[in-house]
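*Asks:* Positions 1 to 315 (UniProt numbering) are the ones given, in order, by the sequence shown.
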Amino acid sequence: MIFFADTVYHLFVPRHSNNHKAKLLHSSSLIALALLLVLIQSTLQMFSNLGVAVLGYAANISTNEVVSLTNQKRLQLGLSPLELSADLEAAARAKGEDMLQDDYWAHVAPDGTEPWAFFSLVHYDYRYAGENLARDFTNANDAVEAWMASPSHRDNLLSDHYKEIGIAVVEGDLNGQDTTIIVQLFGTRAVDTVPTVPVAAAETPPSVPEPKEVAFAQEELTIDEPSLTQVEVISPVVNAETISKANPLVNIPAFTFTQTVSIIVIGLLVCALIVDGYVVARKGIVRSGGRLFAHLSFMGMVMAILLIARAGQIL
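1. Does DSSP put R135 in a helix, in a strand, or in coil?
2. Just checking my contact of T63 with V144 at CB under 8 angstroms: how many whole Å lie between their CB atoms?
3. Indicate whether W116 and A129 have their beta-carbon atoms separated by less than 9 angstroms.
4. Buried or exposed: where does A91 fall if 16 or more other Cβ atoms within 10 Å of its Cβ makes it buried?
5. Identify every run of the alpha helix (DSSP H) within the UniProt domain "SCP" (68 to 185), keeping only runs that are complete inside it and at least 4 residues long; order them along the chain.
6. Quick check on V67: buried or exposed, where buried means 16 or more other Cβ atoms within 10 Å of its Cβ?
7. Could you give the distance in angstroms between the alpha-carbon of S150 and the alpha-carbon of G166?
8. Are the segment 268 to 280 and the segment 8 to 25 touching, with three or more C-beta to C-beta distances below 8 angstroms?
9. With I2 as the anchor, note down where its alpha helix (DSSP H) starts and where it stops.
10. Nearest to L185 by CA position, among N60, V191 and L82, is which residue?
11. Can you give the Cα-Cα distance for R15 and S27, rounded to whole angstroms?
12. Where does G112 land, buried or exposed, given buried means 16+ other C-beta within 10 angstroms?
13. Please work out which residues of its chain come closer than 7 angstroms, Cβ to Cβ, to D103, disregarding the five sequence neighbours upstream and downstream, and give them in chain order.
14. Please state whether DSSP places R189 in a helix, a strand or coil.
15. Can you check which of these residues, W147, T138 and T7, is closest to T260 by C-alpha distance?
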């Protein structure tokens, strides 16, 4: 107990054992802490590349929670809640597994497969359809808030065109990194939007099928769908510019294991700075050197943490 107390005093309180400067604020200690953070990040990355599960990389995200949070956002704006669809859940899981299998992070697969192919895979005949993607978030709330912060994803989440929703959370290796992907699909079945035909008029059904509308976000493209007559169909609207251009990513910090350790280190340094300043001022300790290096080292460490921290992404 005495040894522990003495060690704490040595690390935080200026006294003769640390040359009257908190040991944590010595240049050697700051360099050691920075190297420790880099070592932790490198070790986790190495284990991830080797396929070894590492504590802190697995996210605890419930599909039901994503649905609940989505409906809360809709209800706040007076929109009707979305119903959970088993078909859309199956389509979402198929999309997530396809991304992991073919190693891509995009709405459209490298072979040209579009999201709507997964709707067809589960025989979901849609009138309206949409897709939101997220990865590397450790909780559902952060993912939903990230979607809400992006205008195009927010439009999908709050669209009054949709009646059903399906969520899948898949984990696996993506581009050499252990990843958690959230696939959020929206839809309205074609049968739900066809107007009721009076019995007297049942012999003359409309000859032109209802156009289908699907969306990522805002931009619209048109294609022709083969039928007895030519029908204009609104094709998937891609988040950002066009399918052929790179999709920008919206980065939202996610508290991973590395970030937790980094926050603890920053907290210890802040405490050391406060205690050191208080003791020096109270005892009138005169130092030959100022705190400039310590402050600069502290800011550099914060910048390093920001650079190495993993971030959640939406698409």
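From the three backbone atoms N, C-alpha and C, an ideal C-beta is built for every residue, glycine too.
*Replies:* Inspection of the coordinates gives the following:
1. If you number the sequence shown from 1, residue 135 lands on position 135. It is a strand residue.
2. Position 63 of the sequence shown, counting from 1, holds the residue named residue 63. Position 144 of the sequence shown, counting from 1, holds the residue named residue 144. Between V144 and T63 the Cβ distance is about 12 angstroms, and since that is not below 8 angstroms, they are no contact.
3. For this step, residue 116 is matched to residue 116 along the sequence shown. For this step, residue 129 is matched to residue 129 along the sequence shown. Yes; because the gap between Cβ atoms is below 9 angstroms, this pair is in contact.
4. As a position in the sequence shown, residue 91 is number 91, starting the count at 1. It is buried - the Cβ of A91 has at least 16 other Cβ atoms within 10 Å.
5. 86 to 102, 116 to 121, 140 to 149 and 151 to 157
6. Indexing the sequence shown from 1 puts residue 67 at position 67. It counts as buried.
7. Within the sequence shown, the letter at position 150 stands for residue 150. Within the sequence shown, the letter at position 166 stands for residue 166. Distance between the alpha carbons of S150 and G166 is about 20 angstroms.
8. yes
9. By 1-based counting over the sequence shown, the position of residue 2 is 2. Note, I2: alpha helix (DSSP H), I2 to F12.
10. Stepping through the sequence shown from its first residue, residue 185 is reached at position 185. Closest option to L185, Cα to Cα, is L82.
11. For the purposes of this step, residue 15 is taken as the residue at position 15 of the sequence shown. For the purposes of this step, residue 27 is taken as the residue at position 27 of the sequence shown. Cα to Cα, R15 sits roughly 17 angstroms from S27.
12. Numbered from its first residue, the sequence shown carries residue 112 at position 112. The residue in question, G112, is exposed, as its Cβ has fewer than 16 Cβ neighbours within 10 Å.
13. The residue given as residue 103 occupies position 103 in the sequence shown. L174 and N175.
14. Sequence index remark: in the sequence shown, residue 189 carries index 189 (1-based). Looking at R189 - three-state DSSP - the assignment turns out to be strand.
15. The residue given as residue 260 occupies position 260 in the sequence shown. The shortest Cα separation from T260 among W147, T138 and T7 belongs to T138.
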